[in-house]
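S.K.: In the working numbering, the protein residues as written are 18 to 724. Heads up, the beta-carbon is just placed ideally off N, CA and C, and yes, glycines get one too.
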Amino acid sequence: MRALLQRIARAPGGRRGKWAVLAAWLIVAVALGPLAGKLGDVEDTGPNAFLPHGAESARVNTELEKFRTDTVMPVVVVYTGAGAREAADTDRAALDRFTAEGQRITGPVPSDDGEALMTVVPLDTEDEVTDTVDALRDIAGANAPPGTDVEVGGPAASLTDSVAVFDSLDATLMIATGLVVTALLLITYRSPVLWLFPLLSVGFAAVLTQASTYLLARHASLPVDPQSAGVLMVLVFGVGTDYALLLIARYREELHRHEDRHRAMRIALTRSGPAVLASAGTIAVGLACLALADINSSRSLGLVGAVGVVCAFLAMVTVLPALLVLAGRWVFWPFVPRFGTPARKERTVWSRIGALVARRPRWSWLMSVAVTGVLALSTAGISLGLTQSEMFQDKPESVVAQERLSEHFPSGASDPAQIVTRTAAAGEVRTAADGVDGVARVEPGGDRTPDGSLTLLSVVLEDAPDSDAAKDTVDALRTAVHAVDGADALVGGTTAESLDTARAADRDLTTVVPVVLLVVLAVLVGLLRALVAPVLLLATVVVSYLAALGASNLLFEHVLGYAGVDWSIPLMGFVFLVALGIDYNIFLMHRVREETARLGVARGVLEGLTSTGGVITSAGVVLAATFAVFAGLPLVTMAQMGVLVGIGVLLDTFLVRTVMVPALALDLGRRFWWPGKLFRDAPRLDGDGGSGRAAQAREPVAGGTAV
């Protein structure tokens with residue numbers, strides 16, 4: 018591995034190689050730049066993009082393509098207040114021009130309590146639905162009498178409100194993430210120049226990532242949806258900046274030792290390369306494990322994220338070193354690293370922390386476990402699942418309209434369940450559905466496919482489409498219609514989709530989590546060449562994840578006021594935090610392993626902590642801050658993911674990596690590295706054979722280098 022890395026390092030760290038690397042990246046940027054701008058063209062915004070693969074509700078959406086009415090999507094205008102009748106009658110003629118060809122407006126339909134009216138306008142989906150809904154909203158209620166409330170909802174309006182969120186998502190995330198990373202790099206480096214180089218390298222990585230994702234989606238069926246496309250750039254910024262911080266820190270250390278900056282870069286790449294490669298590999302493979310998930314959006318996020326991590330890794334170990342070597346030492350101004358000067362002070366905050374941990378290592382890791390355990394207790398009170406009205410930080414108009422409908426009409430009137438059945442058995446299916454408790458009515462008639470083989474029935478439920486009662490009704494409805502011989506009936510619609518997604522989320526959690534743990538464990542065993550250390554490191558990350566989930570739940574419930582946690586959050590948070598959390602343990606323990614072989618177990622742990630403390634802390638803060646950008650987004654799901662990952666990364670950075678892991682290594686001593694070479698052959702310079710207490714009063718040696 019080291020020989021391979023030495024050969025690779027000769028290119029960006031070479032006197033001629035750096036020019037070749039820069040030329041290659043410029044060619045890539047120019048050639049792929051136009052493709053990077055086309056990522057939106059391959060995003061799947063269809064009805065199955067966020068549903069479980071093969072679920073019954075997804076199969077219904079596929080079957081709907083065979084119906085002529087699949088090109089029709091209703092919008093529902095709800096009128097309440099003293100002037101509701103006047104406003105509805107006035108609007109009817111104006112709304113008629115939005116009706117799809119061959120369709121008719123329904124209503125105004127009065128509610129049973131006489132306090133509301135509902136007008137249903139079928140829109141043609143072959144037109145731009147979002148533009149049509151916006152225009153319709155401008156007209157509906159424009160001349161309503163005072164004291165009259167008019168809201169536009171229904172499936173078409175819900176789609177419009179969701180699209181409005183994602184339309185601004187990419188731009189908002191890119192701007193916010195760029196500003197956050199820039200500010201943190203300025204604080205970290207205290208240089209007016211150096212921060213530009215990581216950002217420029219991330220820019221190259223972003224072009225490669227977006228172009229690669231586009232090509233894979235176009236030609237290799239890589240699933241891409243608006244959510245995964247938005248997360249992609251944040252992940253590239255966060256991971257890419259982390260690798261930049263680590264590489265620059267090691268390069269700066271080597272500049273103190275070597276007068277030739279090319280040689281310093283080659284050594285920095287060679288020595289930090291294994292840890293960076295292991296980190297990128299762990300994150301990429303961990304995210305790729307989401308390909309085993311049933312939910313399409315989870316599969317998309319995992320696979321797209323893996324592409325982003327690989328591209329970020331390639332940019333940070335090639336174009337960034339080439340740019341730094343080309344610019345020379347002056348980019349560190351005003352703190353220029355001079356050849357022959359000390360790399361760092363003998364005593365730092367990290368050496369002091371290490372000394373404190375070394376005095377009582379067992380007490381230190383037990384207290385760390387206690388803190389994370391207390392936080393993890395809050396996971397017992399998590400309420401999983403969000404209704405449609407709870408998915409947005411601020412309620413859009415479509416959600417308000419649904420609430421009005423639920424107050425005055427059968428709650429499922431605006432968004433009925435759908436049954437696709439063979440026409441020959443449609444009568445029996447209708448009868449079976451009509452007899453299910455919780456069904457308000459089965460709409461008369463029913464659309465048919467052009468060949469007449471299939472019939473579509475609309476079933477109005479008594480309860481709101483996203484309520485638990487409605488999901489129970491869908492279960493009973495499926496049982497009833499599935500029992501009709503020869504019908505091959507399928508039940509879909511919004512309620513069925515919510516039900517299928519919740520159940521698939523449970524299956525995905527039990528399927529993906531064990532695979533991710535095994536993959537990460539294999540990477541750690543290969544990197545550290547031991548068994549005890551990898552198992553303990555993996556256990557610390559799992560404990561950290563549970564603590565982050567518990568702490569996040571407390572924030573969601575008592576500070577942010579969310580009604581619950583989205584079904585996708587436990588799995589997404591686990592994969593991201595295990596992959597990203599183990600990242601910092603890899604950087605720490607790779608350095609600890611190197612120093613242990615030279616200094617012995619106890620002093621090797623302390624030197625590793627001291628050497629990596631500053632840069633890993635900076636990297637953790639940057640990564641946490643980039644994901645925290647999600648907290649300001651209008652979608653509750655993405656805000657929750659940002660909060661969870663941000664808290665988890667900070668716990669890993671300041672507690673797990675700083676206290677828990679070093680304390681475990683010190684307490685176990687040589688046994689930590691069982692059964693590898695260090696267990697047998699590590700120097701006994703500190704006289705430690707097991708507990709690490711012989712190093713209690715020792716400070717880490719000076720003059721070490723960063724990861």
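1) By the three-class DSSP mapping on this structure, what secondary structure does LEU548 have?
2) What are the boundary residues of the alpha helix (DSSP H) that includes GLU624?
3) Leaving aside the five residues before and after ASP489 along the sequence, list all residues of the same chain whose C-beta is less than 8 Å from its C-beta, in chain order.
4) Helix or strand or just coil, what does DSSP make of THR365?
5) Which whole runs of the alpha helix (DSSP H) in the region 501–576 are 4 residues long or more, in chain order?
6) Using the beta-carbon count (16 or more within 10 Å), is HIS425 buried or exposed?
7) What is the rounded straight-line gap between the Cα of PHE349 and the Cα of ALA266?
8) From which residue to which residue does the beta strand (DSSP E) around THR123 run?
9) Taking the alpha-carbon positions, what's the THR511 to GLU271 distance?
10) Counting C-beta neighbours from all protein chains within 10 Å, is the total for GLU460 16 or more, i.e. buried, or is it exposed?
11) Note down the Cα distance separating ARG207 from THR627, rounded to an integer number of angstroms.
12) Just to confirm the assignment, what range does the beta strand (DSSP E) spanning ARG458 have?
13) Just curious, the alpha helix (DSSP H) that LEU304 is in, first and last residue?
14) Report all residues from its chain with a CB closer than 7 Å to the CB of THR149; omit the five preceding and five following residues, and keep chain order.
15) Would DSSP call ASP61 helix, strand or coil?
16) What do you reckon, are the CB atoms on HIS279 and ARG32 nearer than 8 Å?
17) Which residues in the same chain have their Cβ closer than 6 Å to the Cβ of THR86, if we skip the five residues on either side of it in sequence?
18) With 16 other CB atoms within 10 Å as the buried threshold, where does THR123 fall?
19) Tell me whether the beta-carbon of GLY689 lies closer than 8 Å to the beta-carbon of ALA682.
20) Are the CB atoms of PRO338 and LEU286 within a distance shorter than 8 Å?
21) If you check the beta carbons only, do VAL14 and LEU304 fall under 8 Å apart?
22) Who pairs with VAL437 in a beta bridge, going by DSSP?
23) Taking a contact to mean a Cβ-Cβ separation below 8 Å, would you say GLY390 touches PRO679 in this structure?
24) What separation, rounded to the nearest whole angstrom, lies between the Cα atoms of ARG503 and GLY54?
25) Excluding five sequence neighbours on each side, which residues of the same chain lie with their C-beta closer than 7 Å to the C-beta of GLY637?
26) Quick one, which of PRO127, GLY164, LEU39 and THR62 has its alpha-carbon nearest GLY100's?
27) Excluding the 5 residues flanking VAL256 on each side, which residues of the same chain have their C-beta closer than 7 Å to its C-beta?
28) Can you tell me which of the three DSSP states TYR579 falls into?
29) What do you get for THR230, buried or exposed, if any count of 16 or more other CB atoms within 10 angstroms of its CB means buried?
30) Within 10 angstroms of its Cβ, does HIS607 collect 16 or more other Cβ (buried), or is it exposed?
31) Reducing DSSP to helix, strand and coil, say where TYR96 ends up.
32) If you reduce the DSSP assignment to three classes, tell me which class PRO29 lands in.
33) In terms of residues, what are the limits of the beta strand (DSSP E) holding ALA117?
34) Between the alpha carbons of MET135 and ALA111, how many angstroms are there, rounded?
35) Am I right that LEU473 and ALA487 are in contact with their C-beta atoms under 8 Å? What's the rounded C-beta distance?
36) Excluding five sequence neighbours on each side, which residues of the same chain lie with their C-beta closer than 7 Å to the C-beta of SER475?
M.R.: Inspection of the coordinates gives the following:
1) Start at 1 with the first residue of the sequence shown, and residue 548 comes out as number 531. LEU548 sits in coil when the DSSP states are folded into three classes, being neither helix nor strand.
2) As a first step, residue 624 is located in the sequence shown; it is residue number 607 there, counting from the start. It spans 618–645 - the alpha helix (DSSP H) in which GLU624 sits, taken as one unbroken run.
3) Here the question's residue 489 lines up with position 472 in the sequence shown. Answer for ASP489: GLY455, listed in chain order.
4) Here residue 365 refers to the residue found at position 348 of the sequence shown. When DSSP states are grouped into helix, strand and coil, THR365 belongs to the coil group.
5) Whole alpha helix (DSSP H) segments, 4+ residues: 511–545 and 549–575.
6) Your numbering for residue 425 matches position 408 in the sequence shown. Buried, because 16 or more other Cβ atoms sit within 10 Å of the Cβ of HIS425.
7) Here residue 349 refers to the residue found at position 332 of the sequence shown. Here residue 266 refers to the residue found at position 249 of the sequence shown. Each residue's Cα considered, the two are about 11 Å apart.
8) For the purposes of this step, residue 123 is identified with residue 106 of the sequence shown, where counting begins at 1. 123–127 is the span of the beta strand (DSSP E), which, as asked, contains THR123.
9) Sequence index remark: in the sequence shown, residue 511 carries index 494 (1-based). Sequence index remark: in the sequence shown, residue 271 carries index 254 (1-based). Rounded to whole angstroms, THR511 to GLU271 spans 59 Å at the Cα level.
10) Counting from 1 along the sequence shown, the entry for residue 460 is found at position 443. Here GLU460 is exposed: its Cβ has fewer than 16 other Cβ atoms, across all protein chains shown, within 10 Å.
11) Reading the sequence shown from its first residue, position 190 is the one you call residue 207. Reading the sequence shown from its first residue, position 610 is the one you call residue 627. Those two C-alpha atoms are separated by around 21 Å.
12) Walking along the sequence shown from the start, residue 458 turns up at place 441. ARG458 -> beta strand (DSSP E) spans 456–459.
13) Residue numbering aside, residue 304 sits at position 287 when the sequence shown is read from its first letter. Residues 278–305.
14) Indexing the sequence shown from 1 puts residue 149 at position 132. Only PHE115 and LEU140 meet the Cβ criterion.
15) Translated into positions along the sequence shown, residue 61 becomes position 44. DSSP places ASP61 in coil when its eight states are reduced to three.
16) Counted from its first residue, the sequence shown places residue 279 at position 262. Counted from its first residue, the sequence shown places residue 32 at position 15. At a Cβ-Cβ threshold of 8 Å, HIS279 and ARG32 count as neighbours.
17) Position 69 of the sequence shown holds residue 86. Only weak support exists for where THR86 lies, its pLDDT of 49 falling under 50; the value from the coordinates is given anyway. Result list for THR86: ASP464, in chain order.
18) Taking the first residue of the sequence shown as position 1, residue 123 is located at position 106. With fewer than 16 other Cβ atoms from the protein chains shown falling within 10 Å of its own Cβ, THR123 counts as exposed.
19) Within the sequence shown, numbered from 1, the residue matching residue 689 stands at position 672. Within the sequence shown, numbered from 1, the residue matching residue 682 stands at position 665. Looking at the sequence itself, residue 689 is Phe, so the reference to Gly does not match. Yes, they are a contact pair.
20) As a first step, residue 286 must be located in the sequence shown, where it is residue number 269. As a first step, residue 338 must be located in the sequence shown, where it is residue number 321. Taking 8 Å as the Cβ cut-off, LEU286 and PRO338 qualify as a contacting pair.
21) A query on residue 14 cannot be resolved here, the shown segment of the chain reaching from 18 to 724 and no further.
22) Here residue 437 refers to the residue found at position 420 when the sequence shown is read from its first residue. BP columns for VAL437 point to LEU473 and LEU507.
23) Sequence index remark: in the sequence shown, residue 390 carries index 373 (1-based). Sequence index remark: in the sequence shown, residue 679 carries index 662 (1-based). No, these two residues do not count as a Cβ contact at 8 Å.
24) On the sequence shown, position 486 is the one that residue 503 refers to. On the sequence shown, position 37 is the one that residue 54 refers to. According to the sequence shown, residue 503 is Gly rather than Arg. Rounded to whole angstroms, GLY503 to GLY54 spans 49 Å at the Cα level.
25) Here residue 637 refers to the residue found at position 620 when the sequence shown is read from its first residue. Within the same chain, GLY637 has close Cβ partners TYR601, VAL666, LEU667, ASP669 and THR670.
26) Position 83 of the sequence shown, counted from the start, is the residue given in the question as residue 100. For GLY100, the nearest C-alpha among the options comes from GLY164.
27) For this step, residue 256 is matched to residue 239 along the sequence shown. So the list reads ILE300, VAL326 and ALA329, once near-sequence residues are dropped.
28) Reading the sequence shown from its first residue, position 562 is the one you call residue 579. In the three-state reduction of the DSSP assignment, TYR579 falls in the coil class, being assigned neither a helical nor a strand state.
29) Taking the first residue of the sequence shown as position 1, residue 230 is located at position 213. Classification of THR230: buried, given that the 10 Å Cβ count is 16 or more.
30) Counting from 1 along the sequence shown, the entry for residue 607 is found at position 590. Label assigned to HIS607: buried.
31) Numbered from 1 along the sequence shown, position 79 holds the residue referred to as residue 96. TYR96 carries a strand assignment under DSSP once its states are collapsed to helix, strand and coil.
32) Along the sequence shown, one-based indexing puts residue 29 at 12. Judged by DSSP in its simplified three-state form, PRO29 adopts coil rather than helix or strand.
33) For the purposes of this step, residue 117 is identified with residue 100 of the sequence shown, where counting begins at 1. Bounds of any beta strand (DSSP E) do not take in ALA117, whose DSSP letter is neither H nor E.
34) In the sequence shown, counting from the first residue as 1, residue 135 sits at position 118. In the sequence shown, counting from the first residue as 1, residue 111 sits at position 94. Between the alpha carbons of MET135 and ALA111 lies a gap of roughly 15 Å.
35) Here the question's residue 473 lines up with position 456 in the sequence shown. Here the question's residue 487 lines up with position 470 in the sequence shown. Contact annotation, LEU473 with ALA487: C-beta distance approximately 19 Å; criterion of less than 8 Å not satisfied.
36) For this step, residue 475 is matched to residue 458 along the sequence shown. Its chain contains PRO433, GLN435 and GLU460 as the residues whose beta carbon lies nearer than 7 Å to that of SER475, once the 5 sequence neighbours on both sides are disregarded; these appear in chain order.
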